[in-house]
Amino acid sequence: MIQLQKISKHYPVGFGKNEILKDIDLTIEEGEFVSIMGPSGSGKSTLLHILGLLEEPSAGAYLFQGERVDKMNEKKRTQLHRGAIGFVFQAYHLIDELTVYENIETPLLYKSLSGSERKSKVADVLDRFNMVAKKDLFPNQLSGGQQQLVGIARAIVAEPRVILADEPTGNLHSDQAKSIMELFKQLNEQDKITIVQVTHSDLNATYGNRIIQIRDGHIQG
Amino acid sequence: MIRNYFLVAIRNIWRNKVFSLLNIAGLVVGISAALVVYLVVFYESGFNKNVADREHLYRVVSTITFTGDSVKNAGVPIPLIAVAKENIPQVEKVVNFFRNDVTSRITVDRKDFKNKEDIIFADRSYTDMLGYQWLGGTAATALSQPFSVVLTAERARLYFPRLQVDQVLGKQLLYDDSIRLTVTGVVKNLSYRTDFWFQEMISMPTINANAAFKKVYASDNWQNIGSSTQLFLKLRPGAAPQEVNATLAKYMAPNNNKDFATTMALEPLEDLHFSQDFQAYYRTADRKQLRILTLIALALLGLAVINFVNLTTAQASRRAKETGIRKAIGGTTSQLIRQFLSETLVLTLMAAILSLLLAPLLILSFHAFLPEDLPVSQLYTVPVLAFLFALPVVVALLAGIYPAYVLARFQPVAVLKTNTGRSAGKAWLRQTLTATQFTVAQFFVIATLIVSKQINFSLNKDLGFRKDAILTIPTPYSDEDPARRNQLEARIAALPGVAMVSLSGRAPVINGSMTSILSRNNGKQEIKKSIEVRYGDSAYLPLYQLPLLAGRNLTTTDSIREWILNENAVTALGFDRPQDAIGQVVEGAPVVGVVKNFAVRSVRSEIPATAIASYATRYHRTLHVRLRQTGEAGVVWKNAIAGMEQAWKTVYPREDFDYEFLDKTIANLYSKEQRMGNLLNWCAGLAIFISILGLLGLVIFTTDQRTKEIGIRKVLGATVWQVVRMLTGDFMKPVLIAFLLAIPLSWWAMNQWLQSFAYRTGLSWWIFLAGGMMMAFMALAAMSLKTIKAALSNPAHTLKTE
């Protein structure tokens, strides 16, 4: 499903350049649950951003579902963001001015679904995550774990093929983290959603079925 | 989607209350100004729209030229009317009417009315042109017989408050106790805005049936041109006005000579309401003034737009995260631009609604700058409301497009990775915009100071005669009996508070001019000059303390027997020295004295050659009274004026007593400048208000951003003063640049303006400096609201969060 061929990423720094990723080759199959691990600054977040089409690689090819996407224009990229890729962030990144319900509804608005379709999909997700009672609250009225739950709900409501999660439990207590990871496992096993997560935690990594170690921009072993 | 946009918009506006308030306040000022100005422009351009055949109608106006002077007159020679009716092929229809200058009192059921201004002599062509609806009588017959009069419903109600329309027909009006008119028709007042505001129409045949009217309105003198003779021509479709002009000139030519010539021109009906040279009947509007008002409104609106751009881009980081998230979940840049634009629209619409609520108050408080007859209800008409709701859309686009572009351009990675918040857009752009704002504000401030300096100069300039403690009382226009005036003069002279009385023509300085051609033969040739003339009795010179340079004072005579000249007239008539003029004959009478030059007009024009003569039977109709200035002037004067009124009532029991102090008359010469000064005052105030709002917003934002920095600096030993200076310094730069830009701009503009005055104040450097200091002081004061508080903040609190 995801194929990276000799992907590199560097930023200009002064007269030279700062190499973040070097010649990454990586294939992720449909239905996998992959954990990317590595020390700070190893390039794992950058890799995730490239996977999520938020950043363009400096060199190499990226095939998503067999299609070259590394040099895609914004319009096509947006199409993938709307339908195929869902994001979960460490800092949740909910829109503060919108309620729980409206936050979850937003991706569907961008997909131009009808009102009734949106209503039923959001209701399903709220129901599944046991958040019906909280649907009219604003993000700052929720605990961190609840906010991340909303973040995940927002990521899956548009039924993506893959979820990219950047340290999804980094800001959470361990028991909150556990339930979030349980949820990812469930999404992976029951809904057959491919999941790629960046994590520091060995424990979290055990929920997945493959671990990729990154060090100094290279994939180890 | 739209609902989502608006929800976020409203929640955002609510969340950032301070910034929303600053933005909306600026927009309300800008939109209100635009609304009121549009209202005025719309109102003024809607006059005479329903007049029949308006596009083919022209008013004939005259320009009279006589030796060096040319005078514009809205009227025509009376004999021209007959020519127009019969001899001009391009003319399809002629409408003419006379304004009634003669009647001074209308008596109805023993009650007196004085409203000759809105009485005319007219015939059916006039009522047909305006399309009156007849409530009583008929268009065909009402104005066909002598001594008939048609009233508007409003006038009928005034004269006959208890009667129905049909009962008014056949009632009688008594003009000046001698002419009886019978009401033969009542028309509904016109429903559209018009300059034809006349309420009382006397039938044309009345003119020939009454000696007094006939003398004035049946003249066959081609050189006698009065603005009360109004002639309108309806040209045939396709006829060229120039051809008609030529025909008119052909008929006028035999009556012109080298000293006195009249040219006619056709003024399109649509220009009537804006006629500056020729005047309409009630009031006219000035297109130039409307343009200035429009510019001012645009300037204020521009300032509000700048505020919006500055405040929104400065605090863009608050929205950057949202942009990132929305893009990551499938929003496109253009969708985001649309979202931010609709947010701007919400703000501008809120401002528009507030403006609509404020507008009636504005109309009431700014009535001095608005047409006096502008009704508040005009606000709630479809075109005005349509404008009011179209304006926010335009403003939202203007103000919102750049910030929306800046906000929507954020890349998700940049904002989602780390939580740094910085303002976006170009900082130099904000500086430039702020400098632009302050340039406008600074310009208005300096202009205001210069206008008030010129007004001050005009009022305090030495006139060359005495103006304190003098008041003038005009005697009734219609009174032909000089005995009554003399009687009044004697009674007033006897009052204890009165120092001196003169029964003369007009005061030395008047609004306008009264010139005559005076000629003199110097032995070789005839010298003819257009000379300003004042008429006075023997008390005129002493009362106004006009200093004689040679010869003696005037003696009071029934008609002109001798002249007094001013210095300029001495030169104009070809004498070398004042003494040389004494005893010389001008226009058949000897010069007996020469006075120093004195002001006869406003400081807009140079002192002209002026002569004073006595002509008691014709021109001595105004009492000039000098009051005593002893003890408590207020009490003495009050008693004296009460005494004058009593004297007036014994001499003229049926007329109203009216007086004016001379210094008031002189101040009135500058009412236009006073109004302009007031308007500029407001502009300066509002421009400062908006600009300072924007500045305050920027200061609040950056100061909040630098809270931590301030804390650290204080811990490291910075004093409050040092911190305030650091925070203020950056923001004073645009204010200073604005000052430097405003100097040449305002110097140029105000120099242009001052050129319209013959005697003018200087553009002193200290005016500019004072303006700059005022501006800087206000900017500093506004900023100190925030900076001092920030500088005083306890570092223990501001650094605790880390």
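Chains as they are written, first to last, in full-length UniProt numbering: chain A, 1 to 221; chain S, 1 to 802.
The C-beta atom is built at its ideal place from N, Cα and C for all residues, glycine as well.
Keep in mind it's a predicted model, so treat the numbers as computed, not measured.
Exercise for the section: Enumerate, from N- to C-terminal direction, the unbroken beta strand (DSSP E) stretches of 3 or more residues contained entirely within the stretch 541-614 of chain S. Expected result: 548-551, 563-566, 589-595, 610-613
Practice task
Just mark lysine 529 of chain S as buried or exposed, buried being the case when its beta carbon has 16 or more other beta carbons within 10 Å.
Solution key: Start at 1 with the first residue of the second sequence, and residue 529 of chain S comes out as number 529. It counts as buried.
Practice task
Output, in sequence order along the chain, the residues in the UniProt domain "ABC3 transporter permease C-terminal" (295-412) of chain S whose CB is closer than 9 Å to any CB in chain A.
Solution key: Lys321, Glu322, Gly324, Ile325, Arg326, Lys327, Ala328, Ile329, Gly330, Gly331, Thr332, Thr333, Gln335, Gln411, Pro412
Problem - Span of the beta strand (DSSP E), counted from its first residue to its last, around tyrosine 11 of chain A - result: For the purposes of this step, residue 11 of chain A is identified with residue 11 of the first sequence, where counting begins at 1. Residues 2-13.
Exercise for the section: Name, please, each residue of chain S whose Cβ falls closer than 9 Å to the Cβ of tyrosine 110 of chain A. Expected result: The residue labelled residue 110 of chain A in the question sits at position 110 within the first sequence. Under the 9 Å cutoff, chain S gives Met1, Arg326, Ile329, Gly330, Gly331, Thr332, Gln335.
Problem - Inter-stretch contact (C-beta, 8 Å, three-pair minimum) for the stretch 430-438 of chain S and the stretch 726-743 of chain S - result: yes
Practice task
Ignore the nearest five residues each way along the sequence and tell me which others in threonine 420 of chain S's own chain have a CB closer than 7 Å to its CB.
Solution key: Translated into positions along the second sequence, residue 420 of chain S becomes position 420. With a pLDDT of only 47 at threonine 420 of chain S, under the threshold of 50, the placement of this residue in the model should not be trusted, and no figure is reported.
Exercise for the section: Could you name the residues that DSSP lists as bridge partners for proline 474 of chain S? Expected result: Looking up residue 474 of chain S in the second sequence gives position 474. BP columns for proline 474 of chain S point to S/Thr622.
Practice task
Report, in whole angstroms, the separation of the C-beta atoms of glycine 694 of chain S and isoleucine 306 of chain S, which I expect to be a contact under 8 Å.
Solution key: The residue labelled residue 694 of chain S in the question sits at position 694 within the second sequence. The residue labelled residue 306 of chain S in the question sits at position 306 within the second sequence. The pair is a contact, with the Cβ atoms about 7 Å apart (cut-off 8 Å).
Problem - Distance between beta carbons of serine 355 of chain S and valine 651 of chain S, contact taken as under 8 Å - result: Numbered from 1 along the second sequence, position 651 holds the residue referred to as residue 651 of chain S. Numbered from 1 along the second sequence, position 355 holds the residue referred to as residue 355 of chain S. With a Cβ gap of about 55 Å, valine 651 of chain S and serine 355 of chain S do not count as contacting.
Handout entry: Within 8 Å, strictly: CB atoms of threonine 103 of chain S and aspartate 176 of chain S
Key = Here the question's residue 103 of chain S lines up with position 103 in the second sequence. Here the question's residue 176 of chain S lines up with position 176 in the second sequence. Yes, these two residues count as a Cβ contact at 8 Å.
Exercise for the section: Count the C-beta pairs between the stretch 53-65 of chain S and the stretch 309-323 of chain S that are closer than 8 Å, then say yes if the count reaches three, no if not. Expected result: no
Handout entry: asparagine 23 of chain S: contacting residues in chain A (beta-carbon distance under 8 Å)
Key = The count along the second sequence starts at 1 and reaches residue 23 of chain S at position 23. Those do not exist, as asparagine 23 of chain S stays about 17 Å from chain A at its closest Cβ, beyond 8 Å.
Practice task
Report yes or no: do three or more beta-carbon pairs, one from the stretch 679-694 of chain S and one from the stretch 439-457 of chain S, lie closer than 8 Å?
Solution key: yes
Problem - Contact set between histidine 10 of chain A and chain S, taken where Cβ atoms lie within less than 9 Å - result: For the purposes of this step, residue 10 of chain A is taken as residue 10 along the first sequence, with counting starting at 1. Simply none; closest approach about 15 Å.
Exercise for the section: Can you check the stretch 3-40 of chain S for any beta strand (DSSP E) of at least 3 residues that lies completely inside it and give the ranges in chain order? Expected result: none
Practice task
Could you check if threonine 194 of chain A is buried or exposed, using at least 16 other CB atoms within 10 Å of its CB as the buried criterion?
Solution key: To locate residue 194 of chain A, count along the first sequence from 1; it is residue 194. So threonine 194 of chain A counts as buried.
Handout entry: C-beta atoms of glycine 330 of chain S and tyrosine 110 of chain A nearer than 8 Å
Key = The count along the second sequence starts at 1 and reaches residue 330 of chain S at position 330. The count along the first sequence starts at 1 and reaches residue 110 of chain A at position 110. Yes, the pair counts as a contact, with Cβ atoms nearer than the cut-off.
Practice task
Report yes if the C-beta distance between lysine 22 of chain A and serine 45 of chain A is below 8 Å; otherwise report no.
Solution key: Sequence index remark: in the first sequence, residue 22 of chain A carries index 22 (1-based). Sequence index remark: in the first sequence, residue 45 of chain A carries index 45 (1-based). No. Outside cutoff.
Practice task
Could you please give me the residues that DSSP links to tyrosine 175 of chain S through a beta bridge?
Solution key: What you label residue 175 of chain S is simply residue 175 of the second sequence in a count that begins at 1. Per DSSP, S/Ile106, S/Ile179.
Handout entry: Near-chain A residues of the stretch 672-686 of chain S - C-beta to any C-beta below 7 Å
Key = none
Practice task
Would you mind telling me which residues of chain A sit closer than 8 Å to asparagine 12 of chain S, beta carbon to beta carbon, in chain order?
Solution key: Locating residue 12 of chain S in the second sequence gives position 12, where the first residue counts as 1. Glu97, listed in chain order.
Handout entry: Per-residue burial, arginine 485 of chain S [other beta carbons within 10 Å of its own, 16 or more giving buried]
Key = The residue given as residue 485 of chain S occupies position 485 in the second sequence. When all chains shown are included, arginine 485 of chain S counts as buried.
Exercise for the section: For the alpha helix (DSSP H) holding glutamine 141 of chain A, just list the boundary residues, first then last. Expected result: The residue labelled residue 141 of chain A in the question sits at position 141 within the first sequence. Unbroken run through glutamine 141 of chain A: none, as it is neither H nor E.
Practice task
Check distances from the C-beta atoms of the stretch 116-134 of chain A to those of chain S and list, in chain order, the residues that come in under 7 Å.
Solution key: none
Problem - Candidates S/Ser764, S/Phe757, S/Val724: closest to isoleucine 743 of chain S by CA position - result: The sequence position of residue 743 of chain S within the second sequence is 743, counting from 1. Minimum Cα distance to isoleucine 743 of chain S is reached at S/Ser764.
Exercise for the section: Can you check DSSP and say which residues form a bridge with leucine 698 of chain S? Expected result: As a first step, residue 698 of chain S is located in the second sequence; it is residue number 698 there, counting from the start. Leucine 698 of chain S pairs with nothing; no bridge assigned.
Exercise for the section: Write down every uninterrupted run of the alpha helix (DSSP H) in the UniProt domain "ABC3 transporter permease C-terminal" (295-412) of chain S whose length is 4 residues or greater and which is fully enclosed by it, in chain order. Expected result: 317-328, 333-365, 382-408
Problem - Under the three-state DSSP convention, the category threonine 284 of chain S falls into - result: As a first step, residue 284 of chain S is located in the second sequence; it is residue number 284 there, counting from the start. Note: threonine 284 of chain S maps to coil in three-state DSSP.
Handout entry: Minimum length 4: unbroken alpha helix (DSSP H) runs contained in the stretch 119-151 of chain S
Key = 124-130
Handout entry: Contact set for leucine 26 of chain A: own chain, Cβ-Cβ below 6 Å, skip 5 residues either direction
Key = On the first sequence, residue 26 of chain A is found 26 positions in, with the first residue counted as 1. Once the five neighbours on either side are set aside, the close Cβ partners of leucine 26 of chain A are Leu4.
Exercise for the section: Would you verify that the beta carbon of arginine 15 of chain S is, or is not, closer than 8 Å to some beta carbon of chain A? Expected result: Along the second sequence, read from residue 1 onward, the residue named residue 15 of chain S stands at position 15. Closer than 8 Å: yes.
Exercise for the section: Could you name each continuous alpha helix (DSSP H) segment of 4 residues or more that falls completely within the stretch 434-479 of chain S, going from the start of the chain to the end? Expected result: none
Problem - Touching by the beta-carbon criterion (3+ pairs, under 8 Å), the stretch 643-660 of chain S and the stretch 558-572 of chain S - result: no
Problem - Cβ neighbours of threonine 475 of chain S in the same chain (closer than 6 Å, five flanking residues each side left out) - result: Position 475 of the second sequence, counted from the first residue, corresponds to residue 475 of chain S. Closer than 6 Å at the Cβ level, and outside the excluded window around threonine 475 of chain S, lie Arg485, Arg621.
Practice task
Please report the Cβ distance between valine 150 of chain S and threonine 182 of chain S, rounded to the nearest whole angstrom; I am assuming they are in contact, meaning their Cβ atoms lie under 8 Å.
Solution key: Translated into the one-based positions of the second sequence, residue 150 of chain S becomes position 150. Translated into the one-based positions of the second sequence, residue 182 of chain S becomes position 182. Actually they are not in contact, since the Cβ atoms of valine 150 of chain S and threonine 182 of chain S sit about 11 Å apart, beyond 8 Å.
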